[in-house]
Amino acid sequence: MDETISWKSWFIIILLSIIWGSSFILIKKSLVAYSDVEVGALRLTISSLAFIPIFLYLAKEYDWKKIPYFILVAICGSGVPSFLYAIAQTRIDSSVAGVLNSLTPIFALILSVVVFKDVFKWKQLGGILLGFAGASVLVLLRNTEHLTTDLNYSLLIVLATVLYGISVNVVNYKLDEYRPLLISSFSFVIIAPFAFIYLFSTDFITHTIEHPYGWNSLLAVTGLSLLSTFFATILFYRLVKNTNAVFGSSVAFFIPLVALGWGFADGESLGIWHVASLLMILLGVYWIKKK
Numbered sequence: 015m016d017e018t019i020s021w022k023s024w025f026i027i028i029l030l031s032i033i034w035g036s037s038f039i040l041i042k043k044s045l046v047a048y049s050d051v052e053v054g055a056l057r058l059t060i061s062s063l064a065f066i067p068i069f070l071y072l073a074k075e076y077d078w079k080k081i082p083y084f085i086l087v088a089i090c091g092s093g094v095p096s097f098l099y100a101i102a103q104t105r106i107d108s109s110v111a112g113v114l115n116s117l118t119p120i121f122a123l124i125l126s127v128v129v130f131k132d133v134f135k136w137k138q139l140g141g142i143l144l145g146f147a148g149a150s151v152l153v154l155l156r157n158t159e160h161l162t163t164d165l166n167y168s169l170l171i172v173l174a175t176v177l178y179g180i181s182v183n184v185v186n187y188k189l190d191e192y193r194p195l196l197i198s199s200f201s202f203v204i205i206a207p208f209a210f211i212y213l214f215s216t217d218f219i220t221h222t223i224e225h226p227y228g229w230n231s232l233l234a235v236t237g238l239s240l241l242s243t244f245f246a247t248i249l250f251y252r253l254v255k256n257t258n259a260v261f262g263s264s265v266a267f268f269i270p271l272v273a274l275g276w277g278f279a280d281g282e283s284l285g286i287w288h289v290a291s292l293l294m295i296l297l298g299v300y301w302i303k304k305k
């Protein structure tokens, strides 16, 4: 083991895995009282409010000439995916969403090669194909009776991972001179006005007060925003700073395991297709990351 990777770093990896792996069950619980668009808007609004103090503290470091790239990161890294995950989980299990989320590193690699002309190693092709095969097993063989519905909503998660891949590459190639925390805070502040205005055009206040589980759903989406988005982001950047990006990215291997565990605990049906697809995707991710 690298001497810089201490037990504290491993503790952070485990903690991040639990927090991010719990995101999908928190979305599910948020959807009990709120509509999918309300969950997305609430998540963005609460997270943005938490990031505003950091944005103000780092205000002097921003380069407004880079605003198009910050906007792109805001849209692809937070704005649209927050709604896609909520919409998708109205029709698919949280455990399925957690497994499909593991496609993010694969799309990040593909986009880095296609869009940013990064060097492609042909041995990585096997990992890409294996990852996509795993996703196909989960999506296509999961429920033949409602195949069309499951496929359409599962593809929303896939689209979200594509957007994450775009965001990651924009940060790597266009905003690499900025501190990650600065990028996150600026991105959330950019989308804050739109999320706030849209949120108050919905009936989320009525649903919070009148729905039997309204306050429980509010607690779930608040935890999703403050823990999975705000706190975990800061924790992750601290981890990468203390170790390296390769070690930090290993959290992707544990997130779906936690998501599957929460899904099972919440009564979701888990079968051999979950295990098979998860193993194929994670092996694919390991393959493309291996030097």
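Following this note's numbering, the numbering of the sequence shown begins with 15 at its first residue and continues without gaps.
Even glycine gets a Cβ: it sits at the ideal position worked out from N, Cα and C.
Through-space distance from K74 to N166, alpha-carbon basis
Spanning the alpha carbons of N166 and K74 requires a straight line of approximately 44 Å.
Give me the residue from V53, V182 and E52 with the minimum Cα distance to A88.
Checking every option, the nearest Cα to that of A88 belongs to V182.
Identify, in the order they occur along the chain, each residue of the same chain with its Cβ nearer than 7 Å to the Cβ of T104, setting aside the five sequence neighbours on each side.
Taking T104 as the centre and dropping the five residues before and after it, the same chain places the C-beta of L45 and D50 closer than 7 Å to its C-beta, in chain order.
Rounded straight-line distance, which links the Cα of K131 to that of G145:
Cα-Cα distance, rounded: 21 Å.
Pair within 8 Å by beta-carbon distance, L274 and H288:
Cβ atoms of L274 and H288: closer than 8 Å.
To the nearest angstrom, report how far apart S116 and P270 are at their CA atoms.
Distance between the alpha carbons of S116 and P270 is about 7 Å.
Counting only the same chain and skipping the five closest in sequence on each side, list residues whose C-beta sits under 6 Å from that of H221.
So the list reads A47, Y48 and G228, once near-sequence residues are dropped.
Check whether L325 and L58 have beta carbons under 8 Å apart
As shown, the chain starts at 15 and ends at 305. That puts residue 325 outside it, with no answer to give.
Determine the DSSP secondary structure at A64, reduced to helix, strand or coil.
Taken through DSSP and simplified to helix, strand or coil, A64 comes out as helix.
Looking only at its own chain, which residues have a Cβ that is under 8 Å from the Cβ of Y71, when we skip the five neighbours before and after it?
Cβ neighbours of Y71 beyond the five flanking positions: none.
State the DSSP-derived secondary structure class of E224, mapped to helix, strand or coil.
Correct three-state label for E224: helix.
Can you give the beta carbon distance from V53 to A111, rounded, assuming they're within the 8 Å contact cut?
Going by Cβ atoms, the distance from V53 to A111 rounds to 13 Å, so no, they are not a contact pair.
Determine the contact status of L373 and L152, defining contact as a CB-CB distance below 8 Å.
No answer is possible for residue 373: it lies beyond the span of the chain, which begins at 15 and ends at 305.
Would the beta-carbon of V235 fall within 8 Å of that of L56?
The answer is yes: Cβ separation under 8 Å.
Can you look up K131 in the DSSP assignment and give me helix, strand or coil?
K131: coil per DSSP, three-state reduction.
Going by alpha carbons, who is nearest to S109 out of I120, G281, S23 and G277?
Measuring from the Cα of S109, the nearest candidate turns out to be G277.
Quick check: S92 and S201, are their CB atoms within less than 8 Å of each other?
The answer is yes: Cβ separation under 8 Å.
I197 lies in the alpha helix (DSSP H); which residues open and close that run?
Taken as a continuous stretch (DSSP letters only), the alpha helix (DSSP H) holding I197 covers P194 to L213.
Which two residues bound the contiguous alpha helix (DSSP H) that contains S264?
Where S264 is concerned, there is no enclosing alpha helix (DSSP H), given that its DSSP letter is neither H nor E.
First and last residue of the alpha helix (DSSP H) that includes S242?
Counting along the chain, S242 sits inside no alpha helix (DSSP H), nor does DSSP assign it H or E at all.
Go through its chain and collect everything with a Cβ distance to L238's Cβ below 7 Å, but skip five positions before and after it.
For L238, where only same-chain residues beyond five positions count, the Cβ hits under 7 Å are S37, L40, I41, S44 and R57.
Suppose the cutoff is 6 Å on Cβ atoms and the five residues either side in sequence are ignored; what does the same chain contact list for L123 look like?
Cβ neighbours of L123 beyond the five flanking positions: I302.
Can you have a look at L149 and say buried or exposed, based on whether 16 or more other CB atoms are within 10 angstroms of its CB?
First, the residue type needs correcting, since residue 149 is Ala and not Leu in the sequence shown. Its Cβ being crowded by 16 or more others within 10 Å, A149 is buried.
Assigned exposure category for A266 - 16 Cβ within 10 Å defines buried
Buried, by the Cβ-count rule.
Closest by CA to F268, which one among A102, K22, L29 and A246?
Nearest C-alpha to F268 among A102, K22, L29 and A246: L29.
Span of the alpha helix (DSSP H) holding L72?
Counting along the chain, L72 falls outside any alpha helix (DSSP H), and DSSP gives it neither H nor E.
Nearest residue (CA-CA) to D107, options I66, A279, L195 and I27:
Considering only alpha carbons, the answer is A279.
With DSSP as the reference, label I106 as helix, strand or coil.
Note: I106 maps to coil in three-state DSSP.
Using 8 Å as the threshold, is the C-beta distance between V299 and P119 below it?
Contact flag set, yes.
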